[in-house]
Amino acid sequence: MKIIKSAISGTLESSDLLVKIEPNHGLEIVINSDVNKQFGQQIRLVVEETLNRLNITDGLIIIDDKGALDCVIKARVQSAVLRATEAAINWSQIL
Amino acid sequence: MKKLRRSMLFLPGANAAMLSTSFVYKPDSIMFDLEDAVSVKEKDSARLLVAQTLKLGIYQQQGIETVVRINALDTPFGLDDLEAVVRAGIEVVRLPMTHSEDQVHELENHIERIEKEIGRPVGSTKIIAAIESALGVVNAISIAKSSPRMIGVALAAFDYLVDMQTERGDGTELFYARCAVLHAARVAKIDAFDVVYSNINDDEGFLREVKLIKQLGFNGKSLVNPRQIELLHNAYAPTHKEVEQAKQIVAAAEEGERQGLGVVSLNGKMIDGPIITRARTIIELAQISGTRQEY
Numbered sequence: 001m002k003i004i005k006s007a008i009s010g011t012l013e014s015s016d017l018l019v020k021i022e023p024n025h026g027l028e029i030v031i032n033s034d035v036n037k038q039f040g041q042q043i044r045l046v047v048e049e050t051l052n053r054l055n056i057t058d059g060l061i062i063i064d065d066k067g068a069l070d071c072v073i074k075a076r077v078q079s080a081v082l083r084a085t086e087a088a089i090n091w092s093q094i095l
Numbered sequence: 096m097k098k099l100r101r102s103m104l105f106l107p108g109a110n111a112a113m114l115s116t117s118f119v120y121k122p123d124s125i126m127f128d129l130e131d132a133v134s135v136k137e138k139d140s141a142r143l144l145v146a147q148t149l150k151l152g153i154y155q156q157q158g159i160e161t162v163v164r165i166n167a168l169d170t171p172f173g174l175d176d177l178e179a180v181v182r183a184g185i186e187v188v189r190l191p192m193t194h195s196e197d198q199v200h201e202l203e204n205h206i207e208r209i210e211k212e213i214g215r216p217v218g219s220t221k222i223i224a225a226i227e228s229a230l231g232v233v234n235a236i237s238i239a240k241s242s243p244r245m246i247g248v249a250l251a252a253f254d255y256l257v258d259m260q261t262e263r264g265d266g267t268e269l270f271y272a273r274c275a276v277l278h279a280a281r282v283a284k285i286d287a288f289d290v291v292y293s294n295i296n297d298d299e300g301f302l303r304e305v306k307l308i309k310q311l312g313f314n315g316k317s318l319v320n321p322r323q324i325e326l327l328h329n330a331y332a333p334t335h336k337e338v339e340q341a342k343q344i345v346a347a348a349e350e351g352e353r354q355g356l357g358v359v360s361l362n363g364k365m366i367d368g369p370i371i372t373r374a375r376t377i378i379e380l381a382q383i384s385g386t387r388q389e390y
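In order, the protein sequence lines correspond to chains A and B.
Residues in the first sequence are numbered from 1 upward in steps of one, following my numbering.
Residues in the second sequence are numbered from 96 upward in steps of one, following my numbering.
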């Protein structure tokens, strides 16, 4: 899938995260988190796995995490990507 | 024991914090809401949030039944909701605004297709029909009997009362609908759920309504606030006196069986099959919920 426009998903409420996506040459992931020291690597891993499953190889991904569970991170990244690509949903790829 | 469905707690599907933590309240069933609680611009994100939460399995691990209220299938959102939640392993789909059995057949056709696509056992996804119109109430029996997937019918008051050109009052306005939906459930041998009580600060009014619907025979109630769960479960718990009497009935029945007696009596009253079954249910319920605390 190809990022063709800017998109946002999620909130800055506790237990959630805000995902901002923009078109970019190459894949760049920026993670800001209240629990960055303890869980920064784990958050990055979940974001990378989610993007990989959606075949996203280019894009600027900015994450503002407020202590979200992995399932929330996956869902917010997925919805931001789908909004930014305007691609038809392939459910077997998403779930 | 049959699955208890006393409390069905609504959770807004777009609220990450509530989805991540609400298993701690231990309702019998949790209902992820993708319909009225989610704005149109957040429908896509909320359905993914619910689906990924389901895949994590935190509710299933706690023994809490997972239900989702999807958007109606004639909206742009209903089918995508269904694709997401069936694939993610939802146990029960709640269909809003059910007026006729045709809507249930349409839903089950879609569910069956998805189940086959992903290799989920056909028939494993169950259905609850929400009845929220005069037409739905009149058709309640055919709706309740429309599918082997159907595990319950739920009365929803807001739209029904608008349709009936009245408003929430002392319960008189819901009397016919409650009785009709409950009879439909009993004809179909499935569960019946009462309406939400939306004034969360009025415990007295809530308990008055719970007493009424329990006496009518409802299995439980849809809830909008976690603090109503304990009140509801306690109201449905048997009293200490009921449990003691049930134990005496079961003991007398077992003694009669040992002696090969066809008919058993206790304190001069005959004990037959339905009374023994009821007594065993009371004992099992007490083992789960304890006995009723009087406040």
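Beta carbons: idealized from backbone N, C-alpha and C, even for Gly.
As the structure is a prediction and not an experimental result, all values here were calculated from the model.
Query: My output table needs one value for F172(B): the three-state DSSP class, helix, strand or coil.; Result: coil
Query: Along the chain, which unbroken stretches of the alpha helix (DSSP H) at least 4 residues long are found entirely within the region 297 to 346 of chain B?; Result: 298 to 311 and 322 to 331
Query: Helix, strand or coil for P369(B) per DSSP?; Result: helix
Query: Using alpha carbons as the reference points, say which of L27(A), I8(A) and Q93(A) lies closest to L18(A).; Result: I8(A)
Query: Let me check understanding here. Comparing Cα to Cα, which of G385(B), T170(B) and G173(B) lies closest to A332(B)?; Result: G385(B)
Query: Straight-line CA distance for L356(B) to T372(B)?; Result: 17 Å
Query: Please report the straight-line C-alpha distance between G40(A) and E13(A), rounded to a whole angstrom.; Result: 18 Å
Query: From the DSSP output, in three-state form, read off K61(B) for me.; Result: Any question about residue 61(B) goes unanswered here, given that chain B covers just 96 to 390.
Query: Identify the continuous beta strand (DSSP E) that holds G108(B) and give its terminal residues.; Result: Careful: G108(B) lies outside any beta strand (DSSP E) and carries neither H nor E.
Query: Once DSSP output is grouped into helix, strand and coil, what is the label at G363(B)?; Result: coil
Query: So, with DSSP's three-state summary, where would you put V35(A)?; Result: coil
Query: Among the candidates G218(B), D289(B), T170(B) and N294(B), whose CA atom is the shortest distance from the CA of A225(B)?; Result: D289(B)
Query: Tell me which residues of the region 149 to 160 of chain B have at least one Cβ-Cβ distance to chain D shorter than 9 Å, keeping chain order.; Result: Looking for chain D here will not work: the only protein chains present are A and B.
Query: Would you verify that the beta carbon of I89(A) is, or is not, closer than 8 Å to some beta carbon of chain B?; Result: yes
Query: Output yes or no for whether 8 Å exceeds the beta carbon distance between A287(B) and N314(B).; Result: yes
Query: Could you give the distance in angstroms between the alpha-carbon of G368(B) and the alpha-carbon of L168(B)?; Result: 44 Å
Query: Can you list, in chain order, the residues of its chain with a C-beta nearer than 8 Å to that of E262(B)? Leave out the 5 residues immediately preceding and following it.; Result: L256 and E268
Query: Are there three or more Cβ pairs, one per stretch, closer than 8 Å when the region 62 to 70 of chain A is compared with the region 124 to 139 of chain B?; Result: no
Query: May I ask which residues mark the beginning and end of the alpha helix (DSSP H) holding T85(A)?; Result: D70 to T85
Query: Considering only the beta carbon of each residue, do E201(B) and V162(B) sit closer than 8 Å?; Result: no
Query: Thinking just about the alpha-carbon of each residue, which of V133(B), D175(B), V181(B) and Y120(B) is nearest to the one in Q157(B)?; Result: Y120(B)
Query: For T161(B), list the residues DSSP reports as bridge partners.; Result: I125(B)
Query: Taking only the alpha-carbon atoms, compute the straight-line gap between L99(B) and Q260(B) and give it to the nearest angstrom.; Result: 34 Å
Query: Please confirm if the region 71 to 82 of chain A is in contact with the region 136 to 145 of chain B, defined as three or more CB-CB distances below 8 Å between the two stretches.; Result: yes
Query: Within the same chain, show all residues whose beta-carbon is closer than 7 Å to that of T193(B), passing over the 5 residues directly before and after it, in chain order.; Result: V199, A224, A225, I226, G231 and I238
Query: Using a Cβ-Cβ cut-off of 8 Å, state whether R182(B) counts as contacting chain A.; Result: yes
Query: Check this for me: beta carbons of A87(A) and M1(A), under 8 Å apart or not?; Result: yes
Query: With which residues is R189(B) paired in a DSSP beta bridge?; Result: R164(B) and I223(B)
Query: With a CB to CB cut of under 6 Å and the five nearest residues on each side skipped, what residues in its chain are close to G10(A)?; Result: D16, L17, L18, V19 and R76
Query: DSSP has Y245(B) in a bridge; who is on the other side?; Result: Going by the sequence as given, residue 245(B) is Met instead of Tyr. According to DSSP, which records beta bridges pairwise, M245(B) is partnered with I222(B).
Query: Assign H396(B) to one of two classes, buried (16 or more other C-beta atoms within 10 Å of its C-beta) or exposed (fewer than that).; Result: Summary: the structure shown does not reach residue 396(B), with chain B confined to residues 96 through 390, and so no result is reported for it.
Query: Which one of V319(B), P191(B) and C274(B) has the shortest CA to CA distance from I295(B)?; Result: V319(B)
Query: Taking Cβ positions only, does L69(A) come closer than 8 Å to chain B?; Result: yes
Query: So which of I94(A), W91(A), C71(A) and L82(A) has the shortest CA-CA distance to L114(B)?; Result: C71(A)
Query: Could you spell out where the alpha helix (DSSP H) holding D254(B) opens and where it closes?; Result: A252 to D258
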